[in-house]
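Asker: Below are the structure tokens for one structure; questions will follow.
Residue numbers (our numbering), protein chains in the order written: chain A, 3 to 283; chain B, 318 to 675.
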């Protein structure tokens, strides 16, 4: 058995870390959300006016809904890309499995910013895609809806988060004992039927984890809308950033942050419940 | 086990074999796993594929189930070519080595799986699943998850899940190897009784020769991807065709010698044998050798004198290792007889020295 002193010594650093860099900031943020700013000065006067503002000013609700819509679209698109990819790699790629796996992982090493700017170059009015469209006379002038739109944000975030969706799905697919697939076919199930009755249910934990990654990470993203979103693609994190920066309204920013945090925590709680329901160890 | 008329096989032509394996070969890369295997299985038969690991027995089973494609040859079942069909179109079901029960489905849904995917009417499914669970005495576990069941219970569910589909042929891939010894013995007799009762043809894969002897109507012994001998347990034990078979099935003394002018000579042992001159090997089972207290032998017997080297007491019988001189050692199984030492006379019947090929 370990001595009491040893246990204290080992558990102290992580506890201090969590307290200092997690609990304290969250506590501060939570406290701020009940304060106000008057004439550029923070007033430590506890009230719910910030939350009232959020509920009454339709701008915030609108952006929040747009953000959730974008996050949901990113989640759906990365699932539609990531699941088939993971399925193919796990079940049908044969000897190329390792190579393909590395190819999926490699983009993760490239800086987020670089990938953002790459999309700018591709989608812009002087960009590669518009050049291509005009060269083949699909259009006569640059198509403008490509860049600076929610579409561009969804595209870029999908590109960035698909590997995050792919990884947990791939792991759960690799975890499925192959005799189960054979047993299903042995009992008369076609490959399609086997997929929906055995493979999909058994990969649900991975699918849920991947979906949560994509949704939650997109929900809090502010770089993609900044780079390719334009005004119609503004997301809630951009508002928070502005409130903490130029506008200098930390309390309102904190109130929005707390709201997003609550949404995220609820979501995590729900998916964890679901994941438990779908695990059969 | 209760009678379940619902599980009778749907077609059974008494004359033609149910399954015909015709000149099947299977190669993985550069390795020939199966070499030109031809084998017929009669309807209602329990045939065992017996062999060491790597002998190709599981591969042959997987070819019949459809999980592997043969490199050459054909497989036919009741007049239909089987090897060109995907696994889900074959009227064959498999009991897998580690059962392969679906972890996300309850026992009842595991058993109902095959019926559901083949769109059997709902009201019929419930009855057939109940019958199958009754047959393996697992009715009270219908609502459990497989992970909550013991190995033996999972085994029964795997069996029910396969049999509920009324396959023409049931393939069993070492189904008892994961069970402990006493449970295995019990399941062996239950399997045998069940197979007799429902009359479905069983193809059983095992590496355990005792299990093969206990269960089978016929044993097909595989060695390095080729059939060594196919015969009933009694036939294969009493008349092994090759030295390998004689040693694999039960214990034996392999005698190496020659036949010369109608006399067989193996070391100090000699007996008359009307066969052409040639080097020869014989299998002599330990229990074929007896003590000969009065020193007199019959005309069809061979007598020899040997000293007891070692004696292993085994309850009902004793296993001796005796030295016939010139370092020729023989194993002798006697009914329990008390401690033996020194030299004794032994006899065996000439008919019990079975000539075997190499």
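Backbone N, C-alpha and C fix where the C-beta goes; we use that ideal spot for every residue, glycine too.
Taking buried to mean at least 16 other C-beta atoms within 10 Å of its own C-beta, is residue 58 of chain A buried or exposed?
Answerer: exposed
Asker: With DSSP as the reference, identify every bridge partner of residue 65 of chain A, one or two as the case may be.
Answerer: For residue 65 of chain A, which the question treats as bridged, DSSP gives no partner whatsoever.
Asker: Would you please verify whether the beta carbon of residue 233 of chain A is less than 8 Å from any beta carbon of chain D?
Answerer: You won't find chain D in this structure, because its protein chains are A and B.
Asker: If you draw a straight line from the alpha carbon of residue 117 of chain A to that of residue 149 of chain A, how long is it in whole angstroms?
Answerer: 14 Å
Asker: Any beta carbon from chain B within less than 8 Å of residue 33 of chain A's own beta carbon?
Answerer: no
Asker: Tell me the residue span of the alpha helix (DSSP H) that contains residue 666 of chain B.
Answerer: Where residue 666 of chain B is concerned, there is no enclosing alpha helix (DSSP H), although the beta strand (DSSP E) it sits in stretches over 660–666.
Asker: Which whole runs of the alpha helix (DSSP H) in the region 501–561 of chain B are 4 residues long or more, in chain order?
Answerer: 526–532 and 550–555
Asker: Can you say whether residue 659 of chain B is buried or exposed, counting buried as having 16 or more other CB atoms within 10 angstroms of its CB?
Answerer: exposed
Asker: If you measure from the beta carbon of residue 464 of chain B to each beta carbon in chain A, is any gap under 8 Å?
Answerer: yes
Asker: What does the alpha-carbon distance come out to for the pair residue 229 of chain A and residue 119 of chain A?
Answerer: The C-alpha of residue 119 of chain A is placed about 7 Å away from the C-alpha of residue 229 of chain A.
Asker: May I have the straight-line CA-CA distance separating residue 442 of chain B from residue 411 of chain B, to the nearest angstrom?
Answerer: 20 Å
Asker: What's the C-alpha gap between residue 574 of chain B and residue 484 of chain B?
Answerer: 50 Å
Asker: Which residues bound the alpha helix (DSSP H) around residue 16 of chain A?
Answerer: 6–20
Asker: Tell whether a beta-carbon distance below 8 Å holds between residue 495 of chain B and residue 477 of chain B.
Answerer: no
Asker: Are any of the Cβ atoms in chain B nearer than 8 Å to that of residue 223 of chain A?
Answerer: Contact of residue 223 of chain A with chain B is not assigned, every C-beta pair being separated by 8 Å or more.
Asker: For residue 11 of chain A and chain B, any beta-carbon pair shorter than 8 Å?
Answerer: no
Asker: Cutting at 8 Å between CB atoms, please list the residues of its own chain near residue 655 of chain B, excluding the five before and the five after it.
Answerer: none
Asker: Taking 8 Å as the threshold, find out whether the region 234–250 of chain A comes into contact with the region 93–109 of chain A through three or more Cβ pairs.
Answerer: no
Asker: How long is the line joining the alpha carbons of residue 517 of chain B and residue 617 of chain B, rounded to whole angstroms?
Answerer: 45 Å
Asker: Between which residues of its own chain and residue 388 of chain B is the CB-CB distance below 7 Å, once the five residues before and five after are set aside?
Answerer: 342, 343 and 344
Asker: Please classify residue 496 of chain B: does DSSP put it in a helix, a strand, or coil?
Answerer: coil
Asker: Only counting the same chain, and skipping five residues up and downstream in sequence, which positions put a Cβ closer than 7 Å to that of residue 645 of chain B?
Answerer: Around residue 645 of chain B: 584 and 585.
Asker: Excluding the 5 residues flanking residue 156 of chain A on each side, which residues of the same chain have their C-beta closer than 7 Å to its C-beta?
Answerer: 72, 75, 76 and 79
Asker: Taking Cβ to Cβ, would you say residue 368 of chain B is nearer than 8 Å to residue 539 of chain B?
Answerer: Taking the C-beta atoms as reference points, residue 539 of chain B is found nearer than 8 Å to residue 368 of chain B.
Asker: If you run the structure through DSSP and keep just helix, strand and coil, what is residue 611 of chain B?
Answerer: coil
Asker: Taking the beta carbon of residue 9 of chain A as the centre, do at least 16 other beta carbons fall within 10 Å, making it buried, or is it exposed?
Answerer: exposed
Asker: Listed in chain order, which residues of the region 442–454 of chain B have Cβ atoms closer than 9 Å to some Cβ of chain A?
Answerer: none
Asker: Going along the chain, which residues of its own chain have a beta-carbon closer than 8 Å to the beta-carbon of residue 269 of chain A, five neighbours each way excluded?
Answerer: 214, 217 and 218
Asker: Considering just the uninterrupted stretch of the beta strand (DSSP E) at residue 55 of chain A, what are its terminal residues?
Answerer: Taken as a continuous stretch (DSSP letters only), residue 55 of chain A belongs to no beta strand (DSSP E), being part of the alpha helix (DSSP H) at 51–58.
Asker: Please classify residue 424 of chain B as buried or exposed, where buried requires at least 16 other C-beta atoms within 10 Å of its C-beta.
Answerer: buried
Asker: How is the beta strand (DSSP E) around residue 447 of chain B delimited, first residue to last?
Answerer: Counting along the chain, residue 447 of chain B falls outside any beta strand (DSSP E), though it belongs to the alpha helix (DSSP H) covering 439–452.
Asker: Quick one: what does DSSP say residue 677 of chain B is sitting in, helix, strand or coil?
Answerer: Chain B is shown only over 318 to 675; residue 677 of chain B falls outside these bounds and no answer can be derived.
Asker: Note down, in chain order, all residues in the region 185–218 of chain A with a beta-carbon under 9 Å from any beta-carbon belonging to chain B.
Answerer: 185, 186, 187, 188, 189, 190, 191, 192, 193, 195, 196, 199, 200, 203, 204 and 206
Asker: Beta-carbon of residue 495 of chain B versus every beta-carbon of chain A: anything under 8 Å?
Answerer: No, because no Cβ of chain A sits closer than 8 Å to the Cβ of residue 495 of chain B.
Asker: Indicate the three-state DSSP secondary structure (helix, strand or coil) for residue 619 of chain B in the structure shown.
Answerer: DSSP places residue 619 of chain B in strand when its eight states are reduced to three.
Asker: Determine the DSSP secondary structure at residue 582 of chain B, reduced to helix, strand or coil.
Answerer: strand
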